[in-house]
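These notes concern the structure reproduced below.
Residue numbers (this note's numbering), protein chains in the order written: chain A, 1 to 173; chain B, 1001 to 1273.
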């Protein structure tokens, strides 16, 4: 990124190849919409170019990327109407596929549907922290830097989020 | 370790966020506490279910769009750089209102005129100096010519020619020794009284020269014409030449001196002493 900042825009491709998947995953879990998330990924990379001079090189690139992604997401949430459409159920069906016995498949589908509903019902802060820790598999230390919190505060928020999710999930089951 | 504390750490354990010592302490507690083990199992189920949550593959379209965006951005940046250069020109052009342009043109014209004038003057000065030098040389030549003519004319037998020669002394600005000597000699020896009187007049004009003064004083005793004697006495008074008192007194004792002249000389001596 330091090279990109200093005018070598060719290196942008390298960053894209390395980070577009985790970034897409984060945005997909946050929005529940694949198409919109692709747009948002594009938006984040555009901001990287536009604001490349703000990258100091002191912090990690990934932290800076999540900062940008959260801003893009905040703009998106502000603009978009609260959408009724969340996870596309078709995605689950595709993913789970055939092979497994029908009743087991049904059970897992049911479980995932409940989980996604529970995740939707979480407060945005709790949803975000679970995505960062569970799906993005970031260390608390890095999450703390992304969210401008102390590590202890991250830990507490993760527990509360997990407890809330568990309650919501069990209610659905 | 109590159960509440360990339950708070279950997620940390699953997320591999615990330090080694914390993990061991927690595992020791879990080995002893079936309730906490059960809680861990429930949490793990949820945790694993989350891990199974599908994320669709981003389409290839996204990659294509990304690279297109980078290219567009590069082009836009290059264009912006070009535009910023253009906008500088445009801003200058916009700042040049007709009035300002007129003023600018006028001041440029003035500066140009000043430069041209200066160049023209300096170009003219050079020949002017040359002309002056030429004129100086010419006037020196003319003076020398006058001097030669004057000296040769003084030798002329005709009194009127000699009078003309003395008239030239006024036209010769700088009279040199040769001329003054010739004039003094004319004053003392010329046979014609009129020539001597005119010579005396001419020499009186040159009385700033000490040699001329001395010649005039010496000339007093050598004059026999009463007119010249009286004129000399007048010149001496005008010049306030004290050295002339003695030769004038000598004249008083001479027998052949006119009485009128003697009276005149007496007055002159009185005026000088």
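The C-beta atom is built at its ideal place from N, Cα and C for all residues, glycine as well.
This structure is a prediction, so every number in the text was calculated from the model and none was measured.
Whole-angstrom distance between residue j and residue i, CA atom to CA atom
i               : j               : result
residue 133(A)  : residue 1020(B) : 19 Å
residue 1053(B) : residue 112(A)  : 7 Å
residue 171(A)  : residue 56(A)   : 46 Å
residue 1097(B) : residue 1091(B) : 11 Å
residue 159(A)  : residue 42(A)   : 32 Å
residue 17(A)   : residue 5(A)    : 18 Å
residue 1185(B) : residue 1208(B) : 18 Å
residue 980(B)  : residue 76(A)   : There is simply no residue 980(B) to check, as chain B begins at 1001 and stops at 1273 in what is shown.
residue 19(A)   : residue 1(A)    : 12 Å
residue 12(A)   : residue 27(A)   : 20 Å
residue 1178(B) : residue 1142(B) : 17 Å
residue 1026(B) : residue 1009(B) : 8 Å
residue 1034(B) : residue 1040(B) : 10 Å
residue 50(A)   : residue 1080(B) : 13 Å
residue 140(A)  : residue 1082(B) : 47 Å
residue 62(A)   : residue 127(A)  : 19 Å
residue 1094(B) : residue 1072(B) : 30 Å
residue 1088(B) : residue 1051(B) : 57 Å
residue 208(A)  : residue 8(A)    : Within the shown structure, residues of chain A are numbered from 1 to 173, placing residue 208(A) beyond reach of any answer.
residue 1230(B) : residue 1261(B) : 6 Å
residue 1136(B) : residue 1112(B) : 36 Å
Nearest neighbour of residue i, chosen from the options [CA to CA]
i               : options                            : result
residue 165(A)  : 140(A), 150(A), 123(A)             : 123(A)
residue 1032(B) : 1089(B), 1123(B), 1003(B)          : 1003(B)
residue 1062(B) : 40(A), 79(A), 63(A), 131(A)        : 40(A)
residue 1247(B) : 1219(B), 1193(B), 1046(B), 1067(B) : 1219(B)
residue 1149(B) : 1138(B), 1253(B), 1109(B), 1166(B) : 1166(B)
residue 59(A)   : 167(A), 148(A), 162(A)             : 148(A)
residue 138(A)  : 48(A), 119(A), 8(A), 22(A)         : 22(A)
residue 1060(B) : 35(A), 47(A), 73(A), 70(A)         : 35(A)
residue 108(A)  : 1260(B), 1048(B), 1169(B)          : 1048(B)
residue 1171(B) : 1157(B), 1139(B), 1200(B)          : 1139(B)
residue 167(A)  : 78(A), 144(A), 119(A)              : 119(A)
Three-state class that DSSP yields for residue i in the structure shown
i               : result
residue 148(A)  : coil
residue 1072(B) : helix
residue 16(A)   : helix
residue 1155(B) : coil
residue 1175(B) : coil
residue 182(A)  : Past the boundaries of the shown model lies residue 182(A); chain A is included only from 1 to 173, so the question cannot be answered.
residue 1254(B) : coil
residue 1006(B) : helix
residue 1198(B) : helix
residue 106(A)  : helix
residue 1241(B) : coil
residue 1019(B) : coil
residue 1053(B) : coil
residue 1267(B) : helix
residue 51(A)   : coil
residue 32(A)   : coil
residue 154(A)  : helix
residue 168(A)  : helix
residue 93(A)   : Bear in mind that a pLDDT of 49 at residue 93(A), under 50, signals an unreliable position, so the number given afterwards is only what the model happens to contain. Residue state, collapsed to three classes: helix.
residue 162(A)  : helix
With 16 other Cβ atoms within 10 Å as the buried cut-off, status of residue i
i               : result
residue 155(A)  : buried
residue 38(A)   : buried
residue 1106(B) : exposed
residue 1244(B) : buried
residue 1120(B) : exposed
residue 84(A)   : Annotation note: pLDDT 45 at residue 84(A) (below 50); position unreliable, coordinate value reported separately. Exposed is the call here.
residue 1145(B) : exposed
residue 1122(B) : exposed
residue 150(A)  : exposed
residue 1066(B) : buried
residue 1211(B) : exposed
residue 1115(B) : exposed
residue 106(A)  : exposed
residue 1254(B) : exposed
residue 1006(B) : buried
residue 1269(B) : buried
Cβ-Cβ distance between residue i and residue j below 8 Å
i               : j               : result
residue 131(A)  : residue 29(A)   : yes
residue 1206(B) : residue 1182(B) : no
residue 157(A)  : residue 125(A)  : yes
residue 174(A)  : residue 68(A)   : Outside the displayed range of chain A (1 to 173) lies residue 174(A), so it cannot be described from this structure.
residue 1190(B) : residue 1226(B) : no
residue 135(A)  : residue 25(A)   : yes
residue 1237(B) : residue 1196(B) : no
residue 1194(B) : residue 1163(B) : yes
residue 169(A)  : residue 1014(B) : no
residue 1240(B) : residue 1272(B) : yes
residue 1223(B) : residue 1216(B) : no
residue 1192(B) : residue 1159(B) : yes
is_contact[residue i, chain E] using C-beta, thresh 8 Å
i              : result
residue 133(A) : Structure shown: chain E not included; protein chains present are A and B.
Distance cut-off 7 Å: residue i Cβ against heavy atoms of the ligand PLP
i             : result
residue 22(A) : Questions concerning the ligand PLP fall outside what the structure shown contains, since it holds no ligand whatsoever.
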